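>
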Amino acid sequence: GQSLEQPSEVTAVEGAIVQINCTYQTSGFYGLSWYQQHDGGAPTFLSYNALDGLEETGRFSSFLSRSDSYGYLLLQELQMKDSASYFCAVSYNTDKLIFGTGTRLQVFP
Amino acid sequence: KAGVTQTPRYLIKTRGQQVTLSCSPISGHRSVSWYQQTPGQGLQFLFEYFSETQRNKGNFPGRFSGRQFSNSRSEMNVSTLELGDSALYLCASSRTQNTEAFFGQGTRLTVV
Numbered sequence: 064g065q066s067l068e069q070p071s072e073v074t075a076v077e078g079a080i081v082q083i084n085c086t087y088q089t090s091g092f093y094g095l096s097w098y099q100q101h102d103g104g105a106p107t108f109l110s111y112n113a114l115d116g117l118e119e120t121g122r123f124s125s126f127l128s129r130s131d132s133y134g135y136l137l138l139q140e141l142q143m144k145d146s147a148s149y150f151c152a153v154s155y156n157t158d159k160l161i162f163g164t165g166t167r168l169q170v171f172p
Numbered sequence: 015k016a017g018v019t020q021t022p023r024y025l026i027k028t029r030g031q032q033v034t035l036s037c038s039p040i041s042g043h044r045s046v047s048w049y050q051q052t053p054g055q056g057l058q059f060l061f062e063y064f065s066e067t068q069r070n071k072g073n074f075p076g077r078f079s080g081r082q083f084s085n086s087r088s089e090m091n092v093s094t095l096e097l098g099d100s101a102l103y104l105c106a107s108s109r110t111q112n113t114e115a116f117f118g119q120g121t122r123l124t125v126v
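Protein sequences, first through last, are from chains A and B. Take any residue in the first sequence, note its place counting from 1, add 63, and you have its number in this note's numbering. Take any residue in the second sequence, note its place counting from 1, add 14, and you have its number in this note's numbering.
(1) Nearest CA to the CA of S38 (chain B): which residue from B:V125, B:Q119 and B:V126?
(2) Return no unless some Cβ of chain A is closer than 8 Å to the Cβ of S84 (chain B).
(3) Within 8 Å of any Cβ in chain B, is that where the Cβ of Y149 (chain A) sits?
(4) Taking just the CA atoms, how far does T74 (chain A) sit from V81 (chain A)?
(5) Can you tell me which of A:F126, A:L109 and A:S110 puts its alpha carbon nearest to the alpha carbon of L117 (chain A)?
(6) Once the 5 residues before and after F78 (chain B) are set aside, which same chain residues still bring their CB inside 8 Å of it?
(7) For L60 (chain B), does the three-state DSSP call read helix, strand or coil?
(8) Under a three-way DSSP split, which group does K159 (chain A) fall into?
(9) When DSSP labels each residue in this structure, what does L97 (chain B) get in the three-state scheme?
(10) Count the CB pairs spanning the segment 151-161 of chain A and the segment 89-98 of chain A that are closer than 8 Å, and state whether there are at least three.
(11) Interface residues of chain B around T74 (chain A) at Cβ under 9 Å?
(12) Could you pull the DSSP bridge partners for A106 (chain B) from this structure?
(13) What's the gap between the Cα of Q32 (chain B) and the Cα of V126 (chain B)?
(14) Quick check on the burial criterion: 16 or more other C-beta atoms within 10 angstroms. Buried or exposed for I161 (chain A)?
Structure representation (structure tokens):
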């Protein structure tokens with residue numbers, strides 16, 4: 064199968080740091096992406112990792128460890144507007160993009 | 015540059031009917047994927063098209079079908095609608111499947 068696991072919900076306060084983990088099955092793995100979706104909106108792309116290591120884009124960073132079949136999204140200096148659902152997605156070498164069930168992040172003042 | 019356009023935005027159908035949803039990808043994008051989103055289930059992969067060919071299909075019954083035209087526009091069809099088909103149907107386009115996917119606003123289908 065090609066399933067992904069991520070926590071269903073995470074809460075944090077403004078200014079804090081939060082990490083959202085994602086584990087996946089390796090068969091045919093090509094790369095790991097992260098998407099953000101606000102209520103009522105469409106998912107929007109945040110980051111993509113094909114190689115091991117950390118990719119940093121402003122307050123958001125994404126990490127991948129291919130040997131552990133694991134990645135995470137790190138959100139720093141949390142703001143209220145970061146309250147949204149975050150999806151990890153795996154690209155497979157069959158050109159299929161499979162999404163996790165999403166992690167709902169709630170940021171409190 | 016226009017984004018991904020899905021029509022209609024909202025749709026109400028009765029059980030047993032069939033429905034066709036449309037997706038116009040970003041110009042130059044040849045890969046179009048469809049997803050079903052329901053609360054708690056995330057985005058469930060339906061199928062992916064590239065240059066008019068279905069390359070991948072998810073675990074959905076045969077009532078769900080799709081196609082892609084030569085201009086990369088795509089349609090998906092659901093026949094014999096069931097109450098459980100009520101969901102947000104999202105279309106995403108990309109240059110290839112392993113690059114950033116751009117999503118449309120979705121079609122919210124309600125089956126009554």
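Beta carbons are placed, not taken as given, at the ideal position from N, Cα and C, and that holds for glycine. Values in this document were obtained by computation on a predicted structure and should not be read as measured data.
According to the structure shown:
(1) B:Q119
(2) No - not a single Cβ of chain A is within 8 Å of the one on S84 (chain B).
(3) no
(4) Straight-line Cα distance between these residues: approximately 8 Å.
(5) Out of A:F126, A:L109 and A:S110, A:F126 has the C-alpha closest to the C-alpha of L117 (chain A).
(6) L60, F61, M90, N91 and V92
(7) strand
(8) coil
(9) The three-state secondary structure of L97 (chain B), taken from DSSP, is helix.
(10) yes
(11) Residues of chain B passing the Cβ test: none, with the nearest at roughly 18 Å.
(12) According to DSSP, which records beta bridges pairwise, A106 (chain B) is partnered with B:S47 and B:F117.
(13) 13 Å
(14) buried
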